[in-house]
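For the sequence shown, the residue numbers in full-length UniProt numbering are 1 to 165.
Each residue gets a CB set at the ideal place from its N, CA and C atoms; glycine is no exception.
Before any comments, here is the structure.
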Amino acid sequence: MLHPQRIEPGPGQESVWDYPRPPRLESVPQRLLVRFAGEVIAETTRGYRVLETSHPPVYYFPPDDVQSDFIVPVDGTTHCEWKGRAAYFDVRVGEQVAERVAYSYPAPVARFEAITDYLSFYAGPMDECHVGDEIVEPQPGDFYSGWITPDIVGPIKGGPGSRGW
């Protein structure tokens, strides 16, 4: 299946079709923030992002910058062809629970070892997620966890009919 036509990025924008495959890991200078049930779950200026063709960036928080009282490990893992085995977590604040909305790589492959035990969050179930001053939109669909900001253009994988891109 062919992917739709790449959108030409404007000044200060990035096209997800210019991201590499296999993905690239890079540090993030902006402040990253995740809020759920009125609480700051994670906040850092020491994050990373993974850039992969057709996907918006996926952001990772160092474990020391995540409020561990709100993070609950759950059973089950998945395997990423690029990073290895992922472990999953619920986010729980009082009686409010978002199930399997965070994940990490306890023993990623060598090229991603910098994000060992770092946590990534699906933006959709959270109250809000930020990159710098921008509130992100979640990547379409329920399989991928990319964060979309105004500086990212697509088309972006994840919605109906894009699985084969």
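Inter-residue Cα distance where the pair is residue i and residue j
i: TYR144; j: TYR122; result: 8 Å
i: ASP65; j: GLY141; result: 27 Å
i: ILE156; j: SER54; result: 5 Å
i: GLY84; j: ALA107; result: 7 Å
i: VAL153; j: GLU8; result: 8 Å
i: GLY158; j: ILE41; result: 25 Å
i: ALA87; j: GLY10; result: 37 Å
i: ALA114; j: VAL131; result: 20 Å
i: ARG6; j: GLU52; result: 14 Å
i: GLU134; j: ASP151; result: 10 Å
i: LEU25; j: GLU95; result: 35 Å
i: TYR60; j: GLN67; result: 14 Å
i: VAL72; j: TRP165; result: 33 Å
Exposure of residue i, with buried meaning 16 or more beta-carbon neighbours within 10 Å
i: ARG163; result: exposed
i: PRO138; result: buried
i: THR78; result: exposed
i: SER27; result: exposed
i: VAL34; result: buried
i: THR149; result: buried
i: VAL74; result: exposed
i: SER104; result: buried
Proximity to residue i [Cα-Cα], best of the options
i: ASP127; options: GLY38, GLY159, PRO62 and ARG31; result: GLY38
i: GLU99; options: CYS80, ASP117, ILE148 and GLY76; result: GLY76
i: PRO22; options: PRO4, PRO11, CYS80 and VAL72; result: CYS80
i: residue 177; options: LEU25, VAL97 and PHE36; result: The chain is shown from 1 up to 165; residue 177 falls before or after that span and cannot be answered.
i: SER120; options: GLU134, ILE135, PHE89 and GLU95; result: PHE89
i: PRO125; options: ASP18, ARG24, ASP151 and VAL136; result: VAL136
i: TRP82; options: PRO20, GLY12, PRO29 and PRO4; result: PRO20
Under 8 Å between C-beta atoms of residue i and residue j
i: GLU14; j: ARG31; result: no
i: VAL101; j: VAL91; result: yes
i: PHE112; j: VAL93; result: no
Supposed contact pair residue j and residue i - C-beta distance, whole angstroms, cut 8 Å
i: PRO62; j: ARG46; result: 5 Å
i: VAL58; j: GLY146; result: 5 Å
i: residue 182; j: PRO56; result: The displayed coordinates of the chain run from 1 to 165. Any statement about residue 182 would go beyond what the structure contains.
Check: residue i C-beta below 7 Å from any heavy atom of the ligand MN
i: ALA98; result: This structure lacks the ligand MN; in fact it carries no ligand of any kind.
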